[in-house]
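Report on the structure given below.
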Amino acid sequence: MIFGCQTFTRRKFREVLEAQITHKCMAIQEEKLILPGDAAEWRELFENANELIQSVDENGRFLYVNKKWQSVLGYSAEEANGMTFPDIIHQDHLQACFEAFGEMRKGKSFSGLKTQFVAKSGGIIDVEGNISVRMKDGKFISTWGMFREVVPCSEIEKVLREEQKFSQAVIDSLPSVFYAFDVSSFRMVRWNRALVGIFGYSNEETAKMSPIDFIDEPDQERVQKAIAEAVSKGKVMMETNIRTKNGNKIPYFFSAVYSVIADKGYIVGMGIDITDLRKREQELDRVAKTLVRRDFELLQTNDILRIRDEQIAKEQELNRAKSEFVSLASHQLKTPLTVIKWYIEMIHAGYADKSPDKQKEYLGKIYSNTRRMVELIDAFLNVSRLELGVFSVKNEPVNLREKMDMILRDLAPKIKEKNLKLSKSYSPKESKLPTPVAEQSSLRGTAGQAKSNFLLSTDPKMIQIIFDNLISNAVKYTPPDGEIQVKMQKKGNEILISVVDSGIGIPEDQQSKIFTKFFRADNVAGEKVHPELVERVDGTGLGLYLVKSMVEKIGGKIWFRSPIRPFEAPQDKQAQGKPAAASKKSGTRGKEERRGTAFYIAFYSH
Numbered sequence: 081m082i083f084g085c086q087t088f089t090r091r092k093f094r095e096v097l098e099a100q101i102t103h104k105c106m107a108i109q110e111e112k113l114i115l116p117g118d119a120a121e122w123r124e125l126f127e128n129a130n131e132l133i134q135s136v137d138e139n140g141r142f143l144y145v146n147k148k149w150q151s152v153l154g155y156s157a158e159e160a161n162g163m164t165f166p167d168i169i170h171q172d173h174l175q176a177c178f179e180a181f182g183e184m185r186k187g188k189s190f191s192g193l194k195t196q197f198v199a200k201s202g203g204i205i206d207v208e209g210n211i212s213v214r215m216k217d218g219k220f221i222s223t224w225g226m227f228r229e230v231v232p233c234s235e236i237e238k239v240l241r242e243e244q245k246f247s248q249a250v251i252d253s254l255p256s257v258f259y260a261f262d263v264s265s266f267r268m269v270r271w272n273r274a275l276v277g278i279f280g281y282s283n284e285e286t287a288k289m290s291p292i293d294f295i296d297e298p299d300q301e302r303v304q305k306a307i308a309e310a311v312s313k314g315k316v317m318m319e320t321n322i323r324t325k326n327g328n329k330i331p332y333f334f335s336a337v338y339s340v341i342a343d344k345g346y347i348v349g350m351g352i353d354i355t356d357l358r359k360r361e362q363e364l365d366r367v368a369k370t371l372v373r374r375d376f377e378l379l380q381t382n383d384i385l386r387i388r389d390e391q392i393a394k395e396q397e398l399n400r401a402k403s404e405f406v407s408l409a410s411h412q413l414k415t416p417l418t419v420i421k422w423y424i425e426m427i428h429a430g431y432a433d434k435s436p437d438k439q440k441e442y443l444g445k446i447y448s449n450t451r452r453m454v455e456l457i458d459a460f461l462n463v464s465r466l467e468l469g470v471f472s473v474k475n476e477p478v479n480l481r482e483k484m485d486m487i488l489r490d491l492a493p494k495i496k497e498k499n500l501k502l503s504k505s506y507s508p509k510e511s512k513l514p515t516p517v518a519e520q521s522s523l524r525g526t527a528g529q530a531k532s533n534f535l536l537s538t539d540p541k542m543i544q545i546i547f548d549n550l551i552s553n554a555v556k557y558t559p560p561d562g563e564i565q566v567k568m569q570k571k572g573n574e575i576l577i578s579v580v581d582s583g584i585g586i587p588e589d590q591q592s593k594i595f596t597k598f599f600r601a602d603n604v605a606g607e608k609v610h611p612e613l614v615e616r617v618d619g620t621g622l623g624l625y626l627v628k629s630m631v632e633k634i635g636g637k638i639w640f641r642s643p644i645r646p647f648e649a650p651q652d653k654q655a656q657g658k659p660a661a662a663s664k665k666s667g668t669r670g671k672e673e674r675r676g677t678a679f680y681i682a683f684y685s686h
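Counted the way this note's numbering counts, the sequence shown spans residues 81 to 686.
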């Protein structure tokens, strides 16, 4: 809003200044109300002004042009004296200018007039300006106009064209059928070369067709229902038969999503020929088929993301974030895509070892790389939306306690697998030591606490992403037999949340970079991985960047401390007065060792 106000103020100032200058110009022409010294001073101002200033008489002949006018158009003042205004107007604007001049002869002035001048060299110059009319005794005498050059957004248009070419090239390079159609008109809007080559229809024919026109008649009703399901549920997958232009029937597997782009609904998806897959149905089990579908669903999601970015870019200013996103996504997704493609091609071509153990090993590789792609795409998508300003905040009442419990339930298997001690506390006041969560706990807060204490009007999706990243990090970077504490408390209109772990901590010399995009500390990545991490921990370096961006976007703040003081286990009646027992893996560290990390978030309710 500040920048908008500044722009408005500058614009109003410019309009007022131009009006004053024009008034002075008219007065100088009339040679009255201005002293000779004052007139000379204003004439010098006109001559050196940065605007194109001109005056024409009742016949359209130039009476005066300033230096800027001569410099831009390439005519000298002497040449201009023998010219009329139509001599410098582009032919596409001549009719409009003649009509405007007719109105001026009746005494009408113009502001914000846009037209095109033609320079002596033939170059076209876009201009915008104001024209005042000098009348005397009701008779038209002359006009006085001030114009400024308007720089077209050619660079943005060039980038948009290049981006469109790039997106279409990516779509055309896909071996599978790609399609997109308008839900309201039921007409195809985008497709690739594979669709034209396989279905046999030309681009002109395809543009006039409905997606149902490609489907074998017995399957058309089922496909209609699938499209309705995609619109209502957001996505759909199905197998059906298509009919080519020459009458061939080919079995296809389609996956599609419903997406709203620029306030219009589209179905966007991909299709693959499953003729060979149907022939080998006895050789492939349901797990393999599911993974194949997930693989193509992920490919389709990546392409939809590119198309969505292209559509968003038409409405917003292109910026560094978009280029960075496309470059990084291509680099990061290359490795898992290559692995998935290689194993699927081996299975598809029949070269793979068909023993159960080998088949299981292949599917495991496909699954792990597929999961890796899902994580990467989710992270990239969220970062892109945030940086492009299209991740809109949709506020509604959100129970923070329930959201936190949901995340904890989802991560309970991993917590149990690592034998982590999880404790939590939900308190409307300053809380004491967190209450331990038993192994079979349903992860509920302290009994009797009112859930309404933690209601906040905010965006539920962002809250889920924030909590999921913080708890997931605590689980990932805490060695087995460690401890995690979750606290939530209310202080006036402030809700304070803390996630504390006894993990490997954050190196002090790298803490200033922890919320930086793509940053991962040396003790979890590279050659200096902490020895207590028993297995490699993958990451994108985007999690905490997203957390901080989203917390601040919804009006909160986040900070952290690392290392922190040693954990103190809750004491029961038998343990009162005795030191807390150390865990099996952490007992050798010593009670006073400072380790772990504590993240704090503050939200403000109204």
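Yeah, the Cβ is synthetic: ideal placement off N, Cα and C, and Gly gets one too.
Per DSSP, what kind of secondary structure is residue i in: helix, strand or coil?
i	result
Ser-339	strand
Tyr-557	coil
Lys-112	Low confidence applies here, because Lys-112 scores a pLDDT of 41, under 50, leaving its location unreliable and the question unanswered by this model.
Arg-185	coil
Glu-319	strand
Arg-360	coil
Gln-520	Bear in mind that a pLDDT of 32 at Gln-520, under 50, signals an unreliable position, so the model cannot answer this.
Arg-90	In this prediction, Arg-90 has a pLDDT of 45, which is less than 50 and means its spatial position is unreliable; what the coordinates show is noted afterwards. Three-state DSSP puts Arg-90 in a helix.
Lys-633	helix
Asp-167	helix
Ile-586	coil
Thr-418	helix
Lys-200	coil
Ser-247	helix
Val-642	The amino acid at residue 642 is misidentified as Val; the sequence shows Ser. Of the three classes helix, strand and coil, the one that applies to Ser-642 here is coil, per DSSP.
Ala-682	strand
Pro-255	coil
Gly-262	Checking the sequence, you will find Asp at residue 262 rather than Gly. Three-state result, Asp-262: strand.
Phe-190	strand
Gly-444	helix
Gly-676	coil
Phe-294	helix
Ser-222	strand
Asp-353	strand
Take the Cβ of residue i as the centre, count every other Cβ of all protein chains shown within 10 Å, and call the residue buried at 16 or more, exposed below.
i	result
Ser-503	buried
Trp-422	exposed
Met-426	exposed
Trp-271	buried
Leu-371	buried
Ser-339	buried
Tyr-431	exposed
Arg-360	exposed
Ala-310	buried
Ser-435	exposed
Phe-246	exposed
Asp-437	exposed
Ile-204	exposed
Lys-148	buried
Pro-559	buried
Taking C-beta to C-beta, are residue i and residue j nearer than 7 Å?
i	j	result
Phe-261	Ile-251	no
Tyr-625	Lys-593	no
Thr-286	Val-303	no
Gly-209	Phe-227	yes
Gly-225	Gln-134	yes
Met-63	Arg-267	Outside the shown range of the chain (81 to 686) lies residue 63, about which nothing can therefore be said.
Val-631	Ile-564	no
Ile-307	Pro-331	no
Starting from residue i, follow the beta strand (DSSP E) in both directions and report where the run begins and ends.
i	result
Lys-567	563-571
Glu-476	476-479
Leu-536	535-538
Leu-502	501-507
Ser-578	574-581
Ser-135	132-137
May I ask which residues mark the beginning and end of the alpha helix (DSSP H) holding residue i?
i	result
Ser-212	Taken as a continuous stretch (DSSP letters only), Ser-212 belongs to no alpha helix (DSSP H), being part of the beta strand (DSSP E) at 204-216.
Gly-277	273-279
Thr-286	283-287
Ile-302	Rather than Ile, the amino acid found at residue 302 in this sequence is Arg. Run containing Arg-302: 300-313, per the alpha helix (DSSP H) assignment.
Contact the region 177-184 vs the region 148-159: 3+ CB pairs below 8 Å: no
Tell me, please, whether the region 286-296 touches the region 375-385 by the rule of three or more beta-carbon pairs shorter than 8 Å. no
Are three or more beta carbon pairs between the region 488-505 and the region 551-566 nearer than 8 Å? yes
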